[in-house]
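Note that the numbering used here has the sequence shown beginning at 1022, numbered continuously upward.
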Amino acid sequence: MPPLALLAPLGGAVVVYLFLRWVVWAPRVGASAATVSQHALWVGIIGWMASSLQGAVRAGQIPGNPVLGSAPSAAPDLLQALGWPVLAALAVHAIGQLSYPAPKQARRHAELAVRRIRDFLPRGLAWTTAGVFVVSLLFIVQISALPGFDPVLPEPQPTPAVGGPVNGGPVYGGPVNGGHAGRIPGAELAAWLGGALLVLAAGTWLVLWLIARRRHLETLDGADNRALRTIAMNRLLRTVSTIAAGLAAVAGNFALATPPGLRPDGPGLPIAGLNLPVLFNFIVLLAMLCWPAGELPSLAAAKAAERGTPLSHDPTAHPAARLSASIGVGLGVVAAVSLLGGLFLIRALTVAGAWGLPGMLAFVAVLLLLAIAAGELVIRANYGRADSPREWPVQPVSRGLLSTAIVAAFLLASVLVITSGGQNALHEAPVWPAVALVTAAVLAAGGAALLAARFRRGVPEAGGGHGLDGALRAISVYRIVRTLAAYCLFQAGLVLMTTSHALPPLFRDPRSFVPEDAPAAIAAGAVLAAVAVAIAVTPVRRFFRDLPSPADNRTEDASR
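Put into structure tokens, the structure is as follows:
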């Protein structure tokens, strides 16, 4: 592994630390229950996405035809494919504990009682995680007895006599046999998987110890501090459970790679080709996704006190405000339906090549932006008046959201430049022209939505008041910029995940001119995609705590 490759994880760790410090810090207040809760959520999201074992799906297999794909089978490749996800996930959760602010008060509160792991450990989840580790270990031990075998290299098929038919058909000059994958000895891969599982278990215990021994946050009371430790352990255990189950899935895929004509002799079930470890991994993934993380007691009490009639159903609210709230719900429906429809077009998107997935993502973003513009036109037609003044907020976009959008655009441009250099070294057709063109279409739709919000007729307020019209415009502008920021981040992550093989040439790797996936780039792309999804679905008001204050407090809920 080239020395320069170490700069990427170190730089990623610094970025994660700075981002988490920014999330947990509230202007003029410091860490609060709300920002601490957001911080814990982001630690879980980033740690989850960094734990992806996508690069190790075919670990231990030796491709029969290297042109059609590659798989980690040598020691350096296995170390990278299995080690990075485990270490990255544990490092993110450790950084999450180290990124909390230090005490600043002159007098500090100290507890004499020793904080132990079992005092905060969620017992049910802990036993479930232990069971996942045991089952995964059994699957890994089961492949240790499997022998290895060499791959079958591709060879031309025997060609019949010139002019002779093949089963009554024409002669095509001899099709090429694609070969058959081989595999390394099962004991060797089991040692790597077992080592990764052991490192995962030891690292989990160390991070649990760090969570228990971390200093108290002085802005939280005792109940919130205890709940925060339990929430952090909850998110850590859910992440490591999925990693352990993923290692079992790698063992199952390895067992199914058998010589031609032989049935799988490992933990893969021979019933309808079902791979039992992969099924186990899928069940664990769903269970951990659905497992509740918990909530700080103070936030739970505040939400219970503030819970009331939603703005979209409040008969006392202004009709335009209710419509704006309904538009926010409609945007979620539009995105969900579009993405669900894309699942049925996977084959077509694959055939489309560089235009497929980027084009689908741009299509969803354009739909959302046009839906926002259409909502402004509906407000104009139903509630706008020509004689009512247009109110434009003093700060239509908060600094936090604007900074996020700028950074997202910069990341997308940087990823396109970097991958284009790698693809040029590999003599591949670059993806940047397709991404640039669809991004231009998204920016055009965003510009149209901004113009619709800027030049819409003013909405008069009952009693001659003011502030509602400006708040409605600010809400639309926030939704537009939020959509653009999420699109740029997701598109950058998508490009990284689909063109990760173009990065090795930039580090002067000896194998740089052989297309080969880079697990670190895939993990980074997954993190960017996860951040983009979180930005797209999280209310801007809750995410940045900096929405403009409307005249009617009830319009705040329309920013969702």
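Glycine residues also receive a C-beta, built at the ideal position from the N, C-alpha and C atoms.
Handout entry: Where Q1075 sits in the DSSP three-state scheme
Key = helix
Practice task
Please report the Cβ distance between A1071 and V1548, rounded to the nearest whole angstrom; I am assuming they are in contact, meaning their Cβ atoms lie under 8 Å.
Solution key: 6 Å
Problem - Run of the alpha helix (DSSP H) containing G1243, from where it starts to where it stops - result: G1243 to L1277
Handout entry: Whole-angstrom distance between G1353 and V1558, CA atom to CA atom
Key = 8 Å
Practice task
Measure the CB-CB distance between I1161 and A1269 and report whether it falls below 8 Å.
Solution key: yes
Problem - Inter-stretch contact (C-beta, 8 Å, three-pair minimum) for the segment 1512 to 1523 and the segment 1409 to 1418 - result: no
Practice task
Determine the contact status of V1045 and A1052, defining contact as a CB-CB distance below 8 Å.
Solution key: yes
Handout entry: Straight-line gap, A1470 to A1392 (C-alpha atoms, nearest Å)
Key = 9 Å
Problem - With 16 other Cβ atoms within 10 Å as the buried cut-off, status of H1448 - result: exposed
Practice task
Evaluate the contact criterion for the segment 1208 to 1215 versus the segment 1242 to 1257: three or more CB pairs, one atom per stretch, below 8 Å.
Solution key: no
Handout entry: the segment 1387 to 1406 contacting the segment 1495 to 1506, beta-carbon criterion three pairs below 8 Å
Key = yes
Handout entry: A1513 and V1436 closer than 8 Å at C-beta
Key = yes
Practice task
Go ahead and label R1259 buried or exposed: buried means 16 or more other beta carbons lie within 10 angstroms of its beta carbon, across all protein chains shown.
Solution key: buried
Practice task
Check whether the Cβ atoms of V1271 and A1077 lie closer than 8 Å to each other.
Solution key: yes
Exercise for the section: Since I believe A1550 is in contact with L1515 (beta carbons under 8 Å), could you give me their beta-carbon distance rounded to a whole number of angstroms? Expected result: 7 Å
Exercise for the section: Would you list the residues sitting across from Q1082 in a DSSP beta bridge? Expected result: R1204
Practice task
Return the CA-CA distance between G1032 and A1402, expressed in angstroms with no decimal places.
Solution key: 51 Å
Practice task
Identify the continuous alpha helix (DSSP H) that holds Y1404 and give its terminal residues.
Solution key: G1377 to Y1404
Handout entry: Local Cβ density within 10 Å of V1192, reported as buried at 16 or more and exposed below that
Key = With a pLDDT of 40 at V1192, under the threshold of 50, the predicted position of this residue should be treated as unreliable, though the coordinate-derived value follows. Counting Cβ neighbours within 10 Å, V1192 comes out exposed, since fewer than 16 surround it.
Handout entry: Closest by C-alpha distance to H972, when choosing among P1122, V1399 and V1107
Key = With the chain covering only 1022 through 1581, there is no way to say anything about residue 972.
Handout entry: Among W1312, L1505 and G1065, nearest to V1609 - alpha-carbon criterion
Key = This structure leaves residue 1609 out entirely; the chain is present only between 1022 and 1581.
Problem - G1169, DSSP secondary structure in three states - result: coil
Handout entry: Pick from N1274, T1440, A1457 and V1358 that is closest to A1080, judged by C-alpha positions
Key = N1274
Handout entry: Beta-carbon proximity of V1438 to A1386, cut-off 8 Å
Key = no
Practice task
Tell me whether W1148 is buried or exposed, calling it buried when 16 or more other Cβ atoms sit within 10 Å of its Cβ.
Solution key: exposed
Practice task
Alpha carbon to alpha carbon, how far is L1103 from L1218? Give it in angstroms, no decimals.
Solution key: 10 Å
Exercise for the section: Output the distance between the C-alpha atoms of G1189 and A1450, rounded to the nearest integer angstrom. Expected result: Since pLDDT at G1189 reaches only 43, below the 50 mark, its modelled position is unreliable, and no value is offered.
Practice task
Could you pull the start and end residues of the alpha helix (DSSP H) that D1098 belongs to?
Solution key: A1096 to L1119
Practice task
Under 8 Å by Cβ, that's how I've got G1315 and I1252 pegged, so tell me the actual separation to the nearest angstrom.
Solution key: 5 Å
Exercise for the section: Look at the Cβ atom of N1302, then the Cβ atom of G1267, and state whether they are nearer than 8 Å. Expected result: yes
Problem - DSSP-derived helix/strand/coil call for G1315 - result: coil
Exercise for the section: Locate the alpha helix (DSSP H) running through A1461, then write down its first and last residues. Expected result: W1453 to R1475
Handout entry: Member of F1511, S1419, T1150 and A1096 whose CA lies at the smallest distance from the CA of V1456
Key = F1511
Problem - Between the CA atoms of A1465 and A1341 - distance to the nearest angstrom - result: 26 Å
Problem - C1311, buried or exposed, once every other Cβ within 10 Å from all chains shown has been counted against 16 - result: exposed
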